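The block underneath contains the structure these notes are about, expressed in structure tokens.
Number of protein chains: 2
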Amino acid sequence: MISNAEIKWVRSLHEKKFREREGAFIVEGEKLVAEALDSGFEVLHCWRRDEIGDNAMSRISCLSSPSPALAVLRQKKETPLPAPGGLCLALDGIRDPGNFGTLLRIADWFGIPTVFASPDCAELYNPKVVQATMGAVFRKEVHYTPLPALCAQWREAGLPVLGTFLDGENIYRADLPCDALVVAGSEGSGISAAVSAQVSGRLTIPAFGGSGAESLNVAAATAVVLSEFRRR
Amino acid sequence: MISNAEIKWVRSLHEKKFREREGAFIVEGEKLVAEALDSGFEVLHCWRRDEIGDNAMSRISCLSSPSPALAVLRQKKETPLPAPGGLCLALDGIRDPGNFGTLLRIADWFGIPTVFASPDCAELYNPKVVQATMGAVFRKEVHYTPLPALCAQWREAGLPVLGTFLDGENIYRADLPCDALVVAGSEGSGISAAVSAQVSGRLTIPAFGGSGAESLNVAAATAVVLSEFRRR
């Protein structure tokens, strides 16, 4: 069973300001909820459609077709920024929740444990982000932090800060380091000027066959870039 | 100016059955409409928001925030299937319009002129597909055709049919041919059984660092696969 007060509470978590106030977030779907229960995140509540009914589930769900299970989890506390090192991803102005979540999923596939996000990125606990991560939300360490200062810190530590641009070095021929901060820019406007100024290396994924294409989408481009780092 | 009859006609093109009956489709957005005018497609109509007003534009638009320009183009006639050869992409059961359009955009970047689609894929002229292609819709030759027969035809011509699976050969170490039909399966269910039975080579993009990730999304995986073919 679910009370009206609980319904109201879960519905409030559809909004960022209540998620922040409550320090909680929503996870939906049979598979994702099963992962959530196994994730180490504290589960505050879990409801199943066959227990509370279609009507109640559709009231608390964020999805257009309410899924069989919905859990409310406690948000992880922010931890201090890790020292520069390893292969890390920095997301610059990725406002679209679907793109942001997909990028975390890609980082997950390529074994990148830490992702930095500029403060104007989508919110990690936005339900659309959570769904798009396909569970990566439970495994990634995500830090929201201004990227120009972060990039400067990596460079001071003697580590490369690499971005993808239309006019960079051919990534297939570049000598890629093991440790680097890889920056991905937004779909519309690319890597911001303030972050570009801090980039130590510019890479390009070449277009083939005079295709006429002007850009790859950010998720595809980032997958290709991370694949190039990992394949060597 | 735009008449009520025209508004009604454009609105009818939001639906597949009317797009098919009229042999027409909608393109929106300053950039995409400019590309459309330059594409060789026959332009049946073009309206600008500053000429017909916000109200009329929002009635004919498929977007939640109507864009400054909307054009109606004539659909291309279906052409006969090309003979097997070159590097081609086959999309198997990609129902999601955003994914389908993004895959055409990726094919465009990597210089793949011809894309085959199983009949249950999203419709090429669906407005969401058109938007997601970022103009690739004007440049790709897309053929809807049953894939098992197509794959058989490629194999009979002595050409490889390659799919990405979770249990295939490590793509980074595989000897990739110049000519091949690369099959991409749907997000939820992968490559269908009937198509799998026709695949001559199984490839895998390895996950790194015991990531726990179960899959890459189809667009990211296809970008990595096509990048591997093109980088060599």
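Going down the list, the protein sequences come from chains A and B. Under the numbering used here, the first residue of the first sequence is numbered 1, with each subsequent residue one higher. Under the numbering used here, the first residue of the second sequence is numbered 1001, with each subsequent residue one higher. We put the beta carbon where it would ideally sit given N, CA and C, even for glycine. Here the structure is a predicted model, which means the values were calculated and not measured.
In the three-state reduction of the DSSP assignment, Ser1192 of chain B falls in the coil class, being assigned neither a helical nor a strand state. Here Leu1216 of chain B is not near Ala1174 of chain B, since their CB atoms are 8 Å or more apart. In the three-state reduction of the DSSP assignment, Phe41 of chain A falls in the coil class.
By the beta-carbon neighbour count (other beta carbons within 10 angstroms, threshold 16), Ser189 of chain A is exposed. If the five residues before and after Leu81 of chain A are omitted, its C-beta is found closer than 7 Å to the C-beta atoms of His143 and Thr145, all from its own chain and listed in chain order. In this structure, Ala1180 of chain B sits away from Ile1106 of chain B, with a CB-CB distance that is not shorter than 8 Å.
With a threshold of 16 other beta carbon atoms within 10 Å, Leu1166 of chain B falls short and is exposed.
Leu216 of chain A has a beta carbon lying within less than 8 Å of a beta carbon in chain B. Segment contact: the segment 120-132 of chain A against the segment 1019-1039 of chain B, fewer than three CB-CB distances shorter than 8 Å; contact not assigned.
In the structure shown, Asn1170 of chain B falls within a strand segment according to DSSP collapsed to helix, strand and coil. Closer than 7 Å at the C-beta level to chain A, one finds these residues of the segment 1074-1108 of chain B: Thr1102, Arg1105, Ile1106 and Asp1108. In this structure, DSSP gives Thr145 of chain A a state outside helix and strand, which the three-state scheme calls coil. One thing to note: Pro66 of chain A has its Cβ no nearer than 8 Å to the Cβ of Arg48 of chain A. For the C-beta of Ala1207 of chain B, the chain A residues within less than 8 Å are, from N- to C-terminus, Trp109, Phe110 and Gly111. According to DSSP, residue pairing for Thr164 of chain A in a beta bridge involves A:Leu203.
Sequence-distant partners of Pro206 of chain A (beyond 5 residues in either direction) whose C-beta falls short of 6 Å from its own C-beta, in its chain, are Asn170. Annotation: Ser186 of chain A has no Cβ neighbours in chain B at a cutoff of 9 Å; minimum Cβ distance is about 15 Å. Between Leu1044 of chain B and Leu13 of chain A, the alpha-carbon positions lie close to 47 Å from each other. For Gly1158 of chain B, the number of other beta carbons within 10 angstroms of its own is below 16, and it is reported as exposed. With 16 or more other CB atoms across the displayed protein chains lying within 10 angstroms of its CB, Ser1061 of chain B is buried.
Of the candidates B:Asp1120, B:Pro1113 and B:Pro1160, the residue whose Cα lies closest to the Cα of Val1137 of chain B is B:Pro1113. Taking a Cβ-Cβ threshold of 7 Å, the residues of chain A close to Val1224 of chain B are Ala223, Val224 and Ser227, in chain order.
Between Gly135 of chain A and Val224 of chain A, the alpha-carbon positions lie close to 21 Å from each other.
Listed in chain order, the non-local C-beta contacts of Gly40 of chain A below 8 Å within the same chain comprise Phe138, local neighbours out to five positions each way being set aside.
One Cα belongs to Ser58 of chain A, the other to Val1027 of chain B, and the distance between them is close to 34 Å. Val115 of chain A: not part of any alpha helix (DSSP H); member of the beta strand (DSSP E) spanning Thr114 to Ala117, first to last residue. Residue contact with chain B for Tyr125 of chain A: absent (no Cβ-Cβ distance below 8 Å to any residue of chain B). Taken through DSSP and simplified to helix, strand or coil, Cys46 of chain A comes out as strand.
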